[in-house]
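Asker:
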Amino acid sequence: MPRFKILAILLLSLTFSFCVDEPEVVNTPMIGNYDPVILDPLQKVMTPEEYQKQCIREEWYFCDLNAQWRMKIVKDICADPEIVLEVGECQEFLECDPGNYFLETLPCITEDGLPGTQDKVCDKGKIQYTSCVTLCEEEVCDGEDNDCDDLIDEEQLNACGECGFLPKEVCDGVDNDCDGSTDEDLIQDCGTACGVGLEFCVAGNWVSCTAPPVQIEICDGFDNDCDGSIDEELTCECTINQVGTLFPCNESPLICGQGYKTCECLDPDCVEIVTTDCAALCVYVPDPDINCDPTIGKALAFEECNNFDDNCNELIDEDLYAQCYTEDPDTLYVGICEPGEMMCYYGIWGNYKDGEPDFIPGFCKDEVTPQEEVCDAVDNNCDGITDYGEELNDTDILFIVDWSGSMDMEIYAVMAALNKFAGHYSDEQVIQWGMVFGPIKSPTIDWYEHLRLYHNLTGFTDFLSAMSALNTNSYAMDGAKEMMIDAIYLSMYNLAGGAAPFPLSSLSWNSSKGVTSSVPTIDQFKINWRPKSKRVIILFTDERPQSYFTEPLTTEHLIQTEASTTDLKIYVFTPETWKDGYPSLPWTAWGPVADSSGGKWFKLTSDMLTMYNSLMEIIDENACK
36 MPRFKILAIL LLSLTFSFCV DEPEVVNTPM IGNYDPVILD PLQKVMTPEE
86 YQKQCIREEW YFCDLNAQWR MKIVKDICAD PEIVLEVGEC QEFLECDPGN
136 YFLETLPCIT EDGLPGTQDK VCDKGKIQYT SCVTLCEEEV CDGEDNDCDD
186 LIDEEQLNAC GECGFLPKEV CDGVDNDCDG STDEDLIQDC GTACGVGLEF
236 CVAGNWVSCT APPVQIEICD GFDNDCDGSI DEELTCECTI NQVGTLFPCN
286 ESPLICGQGY KTCECLDPDC VEIVTTDCAA LCVYVPDPDI NCDPTIGKAL
336 AFEECNNFDD NCNELIDEDL YAQCYTEDPD TLYVGICEPG EMMCYYGIWG
386 NYKDGEPDFI PGFCKDEVTP QEEVCDAVDN NCDGITDYGE ELNDTDILFI
436 VDWSGSMDME IYAVMAALNK FAGHYSDEQV IQWGMVFGPI KSPTIDWYEH
486 LRLYHNLTGF TDFLSAMSAL NTNSYAMDGA KEMMIDAIYL SMYNLAGGAA
536 PFPLSSLSWN SSKGVTSSVP TIDQFKINWR PKSKRVIILF TDERPQSYFT
586 EPLTTEHLIQ TEASTTDLKI YVFTPETWKD GYPSLPWTAW GPVADSSGGK
636 WFKLTSDMLT MYNSLMEIID ENACK
């Protein structure tokens, strides 16, 4: 199209477009070639650069309807009215075909650095690009890196390194479930025409079906081949050649088992021959160990595990149980090792596991086999040696007991637990024991109370003897001055040395609170801890921490003193709940003392077994190497 025609069309279109307040076209060079100064309503002066940026606009207009030709118009929008500064020439401008929007899909990288795709499109003849969309998705098991982390099918493969569910084990000689075992624990029902049973998978083959086998049909009054017919196609009549021959039989009057019958002559010439009745085989093959009744056949004295009604009571393998043990026989009845039990099920020995519905062949229920040796006064690995003697550290254990009378049952539980422990313990030198208790009544002033070092550290036998004597002693246990803080402080004072907050010489009993003395006296109160031993203090109390020194001690003083000792742990037994009206629980008050030493809080109870297990835990933690 000639350019003057295009210009004419353009001018005509502008006429229609700007019929009201159309901008004046002026012959002015581009704004960059002169310095206009425009005052806004606030009388602000704009620089040329500001004017260029804010006022000059370039706009493009299509020259004809097919949008292949367009021209540029430059306007001054700050002028009033707007001024057209430049009208360009119509020029062919088409980057792409406007009728074909989608061009192609291209690879790209998202802002997160992940691979993706974007579309190249033609928008009104101009090439544009859509936003980059990532290709990364949640990882699935498909052999692809779905989440773009350079790993394929991570955390998606089963034990066999494949997608999907783990295959079940089948009888094919292959480790289908990839657990390192082949054809393990595979049992299935099997049967013959004569009955049902179980068979096992061995080396990829089903073998050892326990179902009754199909036998060759014989003349015995039974369906031996289990085809529904008895003695079919057999001549059961006697001949002279069969006289005296024994034939097996299971027919009347025989009730159970297998018997015999024969052919016999009825006359001297053996013209008439008959078959005798089915008689019990045990008549001719007596067994002194079997109760055999000729009228009913051979009856076993007991049922055998063979999927057969041996005792003829119409029950198969009933009430058959046997002891079992699957480990080294030399360990049986040594230490904790004891046999378990199997039962017979359709000719197979095994048992059921608790909570599982299926019968497991060969499973020995409730057997106790060798375990890893732990420090519990028991021969866990069944080697004939318990964990004491050479396997123990030298350990000193001091019991501090609240003897106020409110814990009678709990103290009895402690004593019973110690006696149970004595049944396993024999070494007198490795672990030594002592006891401090209070309050007890003063021997001279009935209403005063005091603390007593009842038994310093010594061997277990001597310690238990002292405990037995204590049980029959007349010490009153109705006091109320539980000086347990003082007892712990005195017991560990000689371990702390000069680091203890109060020297013993500065301490005395507060008689105004009803405590007058201790046995021995404060300055002589010394526990004979061994130099290289582990040290353990075990407190039994149902009271909160209380001190009866003239210089009252707190739990913080105990923590400070304990920090200056070595190889000392404090364990506390208190009730889990407390009396109404008291501001705090005893275990919350005593807990920091135990925790700071590396010890532990235990529930004080009258259950002997619970107390025993708790004591053994303490011994395990400290005495066992």
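Yeah, the sequence shown ends on 660 if you go by this note's numbering, and it's all consecutive. Built from N, CA and C at the ideal position, the CB exists for glycine as well. Since we're looking at a predicted model, the values are computed, not measured.
Using CA atoms only, rank isn't needed, just tell me which of Cys261, Ser540 and Gly239 is closest to Thr227.
Answerer: Among Cys261, Ser540 and Gly239, the Cα nearest to that of Thr227 is on Cys261.
Asker: Please tell me whether Asn416 and Gly370 are closer than 9 Å, where the distance is taken between their beta carbons.
Answerer: yes
Asker: Indicate whether the contact test is met: 3 or more Cβ pairs, each with one atom in the stretch 596-603 and one in the stretch 515-529, closer than 8 Å.
Answerer: Touching, per the Cβ criterion.
Asker: Does the pairing of the stretch 621-628 with the stretch 575-589 give three or more beta-carbon distances under 8 Å?
Answerer: Yes, the stretch 621-628 is in contact with the stretch 575-589.
Asker: Rounded to whole angstroms, what's the CA-CA distance from Phe128 to Ile112? Just pull it up for me.
Answerer: 26 Å
Asker: Going by the CB atoms, is the gap between Glu362 and Thr404 shorter than 9 Å?
Answerer: In this structure, Glu362 lies closer than 9 Å to Thr404 by Cβ.
Asker: In terms of residue numbering, what span does the beta strand (DSSP E) encompassing Tyr380 cover?
Answerer: Tyr380: member of the beta strand (DSSP E) spanning Gly375 to Tyr380, first to last residue.
Asker: Which two residues bound the contiguous alpha helix (DSSP H) that contains Glu517?
Answerer: No alpha helix (DSSP H) holds Glu517; DSSP gives it neither H nor E.
Asker: Return helix, strand or coil for Ile253, following the three-state DSSP convention.
Answerer: coil
Asker: With distances taken Cα to Cα, identify the nearest neighbour of Pro283 among Ile144, Cys305 and Cys313.
Answerer: Cys313
Asker: Could you say if the stretch 113-121 and the stretch 131-141 meet the contact criterion of at least three C-beta pairs nearer than 8 Å?
Answerer: no
Asker: Any idea what DSSP makes of Glu93, helix, strand or coil?
Answerer: strand
Asker: Please report the distance separating the alpha-carbon of Thr585 from that of Leu486.
Answerer: 15 Å
Asker: Taking the alpha helix (DSSP H) that Ala624 belongs to, which residues open and close that run?
Answerer: Pro621 to Ser631
Asker: Nearest-angstrom Cα distance between Arg565 and Gly634?
Answerer: 20 Å
Asker: For Asp443, collect the residues of the same chain with a Cβ closer than 6 Å to its Cβ; drop the 5 residues on either side in sequence, then sort them by chain order.
Answerer: Counting only Cβ-Cβ distances below 6 Å, and skipping sequence neighbours, we find nothing.
Asker: Kindly indicate which three-state DSSP category Glu130 falls into: helix, strand or coil?
Answerer: If DSSP states are grouped into helix, strand and coil, Glu130 belongs with coil.
Asker: Counting pairs of beta carbons, one from the stretch 271-279 and one from the stretch 296-312, are three or more of them closer than 8 Å?
Answerer: yes
Asker: CB-CB under 8 Å to Phe39, same chain, minus the five flanking residues each way: which ones, in chain order?
Answerer: For Phe39, the predicted structure reports a pLDDT of 36, less than 50, and the residue's modelled location is therefore unreliable. A value from the coordinates is still provided. Excluding positions up to five away in sequence, the list is empty.
Asker: Using 9 Å as the threshold, is the C-beta distance between Ser641 and Lys516 below it?
Answerer: Judged by their CB atoms, Ser641 and Lys516 are not nearer to each other than the 9 Å cut-off.
Asker: Find out if the Cβ-Cβ distance for the pair Gly666, Asn341 is shorter than 9 Å.
Answerer: Examination of residue 666 is not possible in this model, given that the chain is present from 36 through 660 alone.
Asker: Counting along the chain, where does the alpha helix (DSSP H) carrying Asp188 start and finish?
Answerer: No alpha helix (DSSP H) holds Asp188; DSSP gives it neither H nor E.
Asker: Can you have a look at Val287 and say buried or exposed, based on whether 16 or more other CB atoms are within 10 angstroms of its CB?
Answerer: For the sequence presented, residue 287 should be read as Ser rather than Val. Per the 10 Å Cβ criterion, exposed.
Asker: Please give the ranges of any beta strand (DSSP E) in the stretch 233-290, keeping only runs that are unbroken, at least 3 residues long and fully inside the region.
Answerer: 240-242 and 282-284
Asker: In three-state terms, what does DSSP make of Phe200?
Answerer: Taken through DSSP and simplified to helix, strand or coil, Phe200 comes out as coil.
Asker: Thinking just about the alpha-carbon of each residue, which of Gly494, Ile446, Gly473 and Met470 is nearest to the one in Glu463?
Answerer: Gly494
Asker: Should Ile435 be flagged as near chain C, meaning a C-beta pair shorter than 9 Å?
Answerer: Absent from the structure: chain C. Only one protein chain is present.
Asker: For Leu301, list the residues DSSP reports as bridge partners.
Answerer: Note: Leu301 sits in no beta bridge, so no partner.
Asker: Would you mind sorting Thr430 into buried or exposed? The rule is 16 or more other CB atoms within 10 Å of its CB.
Answerer: buried
Asker: Evaluate Glu402 with the Cβ neighbour count: other Cβ atoms within 10 Å of its Cβ, from every protein chain shown; 16 or more gives buried, anything less gives exposed.
Answerer: buried
Asker: Between Trp95 and the rest of its own chain, which residues show a CB-CB distance below 6 Å, the 5 nearest in sequence each way excluded?
Answerer: Arg105 and Lys107
Asker: Assuming Thr310 is part of the beta strand (DSSP E), what are its boundary residues?
Answerer: Counting along the chain, the beta strand (DSSP E) containing Thr310 begins and ends at Ile308 to Thr310.
Asker: Which of the three DSSP states is assigned to Asp497 in this structure?
Answerer: helix
Asker: By Cβ distance, which residues of its chain are closer than 8 Å to Ser540, with the 5 residues on each side in sequence left out?
Answerer: Close CB contacts of Ser540 within its chain, under the 8 Å cut and outside five residues either way in sequence, are with Asp558 (chain order).
Asker: For Gln89, which residues of its own chain have a beta-carbon under 8 Å away from its beta-carbon, when the five flanking residues on both sides are left out?
Answerer: Excluding positions up to five away in sequence, the list reads Met81 and Cys113.
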